[in-house]
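Since the structure comes first, as structure tokens, the remarks are kept for the end.
There are 2 protein chains.
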Amino acid sequence: MNVRELQVALGERAYPIRIGAGLLDGDESLAVLAQGRQVAIVSNETVAALYLAPLRRSLREAASIEEILVPDGEAHKNQASLDIVLDRLLARRFDRRCLLVALGGGVIGDLTGFAAAIYQRGVDFVQVPTTLLAQVDSSVGGKTAINHPRGKNMIGAFHQPKLVLADVETLRSLPPRELSAGLAEMIKHGAIADVDYLVSLERDMEALLRCEVEPMREAIGRSCEIKAGVVAQDERESGRRALLNFGHTFGHAIESGSGYGRWLHGEAVGTGMLMAADLSRRLSMLDAASCARLSEAVFAARLPMRAPRWSAGRWLELMSVDKKAEQGTPRFVLLEALGRAVVRRVPDDALAETFAAFGEGWGGDGDGDAEGQRTVTASPRSKR
Amino acid sequence: MNVRELQVALGERAYPIRIGAGLLDGDESLAVLAQGRQVAIVSNETVAALYLAPLRRSLREAASIEEILVPDGEAHKNQASLDIVLDRLLARRFDRRCLLVALGGGVIGDLTGFAAAIYQRGVDFVQVPTTLLAQVDSSVGGKTAINHPRGKNMIGAFHQPKLVLADVETLRSLPPRELSAGLAEMIKHGAIADVDYLVSLERDMEALLRCEVEPMREAIGRSCEIKAGVVAQDERESGRRALLNFGHTFGHAIESGSGYGRWLHGEAVGTGMLMAADLSRRLSMLDAASCARLSEAVFAARLPMRAPRWSAGRWLELMSVDKKAEQGTPRFVLLEALGRAVVRRVPDDALAETFAAFGEGWGGDGDGDAEGQRTVTASPRSKR
């Protein structure tokens, strides 16, 4: 079996990410970790039906296995689901040496990771991400969280897993929208850190959309490398790690303003990246050709390319509770070039132009900025 | 002003503990930390009525001050109180650079510290402990938690404060029971790590019970030093830090079995230490004279000296959900001498004898062990 392994270098919290086909029941690393321990697998019904049986085979040497299923979807990444996990661990008298295993997408990973962070002040956990987004994003970096009625990911912790197992075969069962959502984060990694990777993604896009093992394993590996490299330099997100939020200030606004669950996170990030690139161009930081190139990659990944039609006031309101905001003034991750990102505060008028360009539809953004239209009209209509 | 300062040496998470009289509004360290930040003071009505005004004077250079009052008492160290804090922070749009200030005893400190640990994946906080127990125990070491219906401190995190301000003047308003409860933890520090300190506590006990500033500052300082030294060696409680749990396995059983709030934590620890010493003696690890000496210190601090009258089965049941337990088998911190503690698994029969000696009253423990009676009958009846 051809496995790509990389280390997330975080000193005593370092851990390996293993990427390949058939790892769920064909990799020894999880079996070794689970040996003799109380193990709880946290998943949802959809994923459990597909992958619980092979995963259990990897855990055959555990002292005990508890299956904890929580409701599916971002709307359930909340205190009620967290309570289901914590209550069960206590009811089964799980002690501090137990091991939690997150089997599912980002919701399961974030929820399980946060449960592991706070159960008896912290226990070990393993990520077995089964969506592309989770494999390249939420399983790398140790961010865990649940949502609060007042905002996404507002309650959480930094808690690193002991191991991440990314089985590319699980991606074959993904709905096309979710595959595209994962590709959005991979495009983001290229956009902020590695233009050659961005080019290779665009080149291999059809093979990636068909989930071909080789290109998928290599691309996931490169994305994890980029993210792991940034995280290793800045575990607690005080500086460089903020660059990973490229597209996310707009994206979170799109997600929360539309009601969680209507847009997938990666879809919102896809459009958010185009908005951030557009904003970079309006501030004379990025040229129009680079903007267009990013649009083309987003288009090739079959991602939506327009934002909801909201007033500037509505946008600002949605962004001011964003947790990256400081004292109410949102900052943005912008591009100086494809492959090079920076953080800047942005004047309201440039922001208003970007809102207008993406929210007003294809017909025009009302300010007569023809170059601005180029970004939007370079690509045909998205599926939204 | 005579301030004793010590550093808790935890690398990049190191922080100072400052101890003295009149620090609430007479110390610059908090003012400097709060400057220009969104600050939330978490407290309860009883404590706020006494100390909120002077504390606010120290925070006059904050960007804003939010007062969050939660219900008083251990019974309210729960999810509902946590929600009050988190909801308010979000409603007031507190960002990641905010500062939480815990003004109160261990309940407020643990709750506020945990809120700080998980709000937006972690924000800064300061401890301003107003009980003796909190000054010598819960404000040192970064343990934060809330209780769960199934067990005490089951949900929590390790999160170090940026500063601890222990104002000994706040101790004058403490009920006598709470002062004694704090002295129990100080006796514990002597018992596990420093017999000379134990002797000095016994010698100065009357002055300490009168809250005289000099001996109190020195004793609090020595207790914090001992605890900080242990914590610095073992921040995440994998080894040596377990010694700080001397008296706690029995103590937690007493607290939870009696219903939280009927025994103060320190009271339960006081009796728990005598039980652990008794168990050490039954296992031929500790001599009877040392047992008696510890009893005398506990007695001088006006702490209760008998446990509830429970069957061995009930005791074991209460102890097996203790979070220090591993796979259901409780381990105990025992004494090899006054000032020297170790962790051991203990056979059930010795344990049963200790339960009987402490639960059956002064009349005898039914096993005819006269030496065992010495420990119990050396001291007159406690206030319970």
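Each protein sequence line maps, in turn, to chains E and D.
Going by the working numbering, the first sequence opens with residue 1, and the numbers climb by one from there.
Going by the working numbering, the second sequence opens with residue 385, and the numbers climb by one from there.
Beta carbons are placed, not taken as given, at the ideal position from N, Cα and C, and that holds for glycine.
Item: Bridge partners for K527(D) per DSSP, in chain order?; Value: F542(D)
Item: Which residues share a DSSP beta bridge with A486(D)?; Value: V426(D) and Q511(D)
Item: In this structure, what does DSSP give as the bridge partners for L334(E)?; Value: V342(E)
Item: Is it buried or exposed for V416(D), if we count other Cβ within 10 angstroms and need 16 for buried?; Value: exposed
Item: Where Q233(E) and R505(D) are concerned, what is the direct C-alpha to C-alpha distance, given to the nearest angstrom?; Value: 18 Å
Item: I'd like to know whether the C-beta atoms of E336(E) and M305(E) end up nearer to each other than 7 Å.; Value: no
Item: Assess, as a yes-or-no matter, whether the stretch 510-519 of chain D is touched by the stretch 89-100 of chain E under the definition of 3 or more beta carbon pairs within less than 8 Å.; Value: no
Item: Using a Cβ cut-off of 9 Å, which residues of the stretch 98-124 of chain E contact any Cβ in chain D, in chain order?; Value: F114, A117, I118, Y119, Q120, R121 and G122
Item: I want to verify the contact list: residues of chain D whose CB lies under 7 Å from the CB of L244(E), in sequence order.; Value: Per Cβ cutoff of 7 Å: no residues; L244(E) is ~14 Å from chain D at best.
Item: Going by DSSP in three states, R4(E) sits in which element: helix, strand or coil?; Value: strand
Item: I'd like to know if M319(E) contacts chain D, where contact means its C-beta is closer than 7 Å to some C-beta of that chain.; Value: no
Item: Restricting to runs no shorter than 4 residues, where is the alpha helix (DSSP H) found entirely within the stretch 629-696 of chain D?; Value: 632-641, 649-666 and 672-684
Item: In chain E, what lies closer than 8 Å to K461(D) by C-beta?; Value: Neighbours of K461(D) on chain E: none; closest Cβ ~14 Å, over 8 Å.
Item: DSSP three-state label for A591(D), please.; Value: helix
Item: Check the Cβ of F158(E) against every Cβ in chain D and list those closer than 8 Å, keeping chain order.; Value: R505 and G506
Item: So, does the CB of L474(D) fall closer than 7 Å to a CB anywhere in chain E?; Value: yes
Item: DSSP three-state call for Y399(D): helix, strand or coil?; Value: strand
Item: Using the C-alpha atoms, what's the distance from L470(D) back to F498(D)?; Value: 10 Å
Item: Taking C-beta pairs closer than 8 Å, name the residues in chain E that L470(D) reaches, listed in chain order.; Value: H148, M154 and I155
Item: With DSSP run on the structure shown, which of helix, strand or coil describes V32(E)?; Value: helix
Item: Could you pull the start and end residues of the alpha helix (DSSP H) that L466(D) belongs to?; Value: Q463 to A475
Item: Between the stretch 183-190 of chain E and the stretch 160-170 of chain E, can you find at least three pairs of beta-carbon atoms closer than 8 Å?; Value: no
Item: Is the stretch 389-409 of chain D touching the stretch 461-468 of chain D in the sense that three or more CB pairs, one from each, lie closer than 8 Å?; Value: no
Item: Could you tell me which chain A residues have their CB closer than 7 Å to the CB of A145(E), listed as they occur along the chain?; Value: This model lacks chain A altogether; the protein chains it does include are E and D.
Item: According to DSSP, is V195(E) helix, strand or coil?; Value: helix
Item: Using the three-state DSSP reduction, which class does L69(E) fall into: helix, strand or coil?; Value: strand
Item: Under 8 Å, CB to CB, which of the residues in the stretch 674-701 of chain D have a partner in chain E?; Value: none
Item: Just checking my contact of R686(D) with S564(D) at CB under 8 Å: how many whole Å lie between their CB atoms?; Value: 5 Å
Item: Indicate whether the contact test is met: 3 or more Cβ pairs, each with one atom in the stretch 597-611 of chain D and one in the stretch 690-704 of chain D, closer than 8 Å.; Value: no
Item: Looking at C-beta atoms only, is the number of pairs between the stretch 424-432 of chain D and the stretch 632-649 of chain D that lie closer than 8 Å three or more?; Value: no
Item: Going by DSSP in three states, L10(E) sits in which element: helix, strand or coil?; Value: coil
Item: Beta-carbon within less than 7 Å of P455(D)'s beta-carbon, same chain only, minus the 5 sequence neighbours each way: which residues are those?; Value: N428 and S465
Item: Could you check what DSSP says for A550(D) in three-state terms: helix, strand or coil?; Value: strand
Item: So which residues of chain D does G151(E) contact, with C-beta pairs closer than 8 Å?; Value: L474
Item: Flag this pair as yes or no: are the beta carbons of I576(D) and A681(D) separated by less than 7 Å?; Value: no
Item: Exposed or buried, R203(E), counting other C-beta atoms within 10 Å across all chains shown (16 or more means buried)?; Value: exposed
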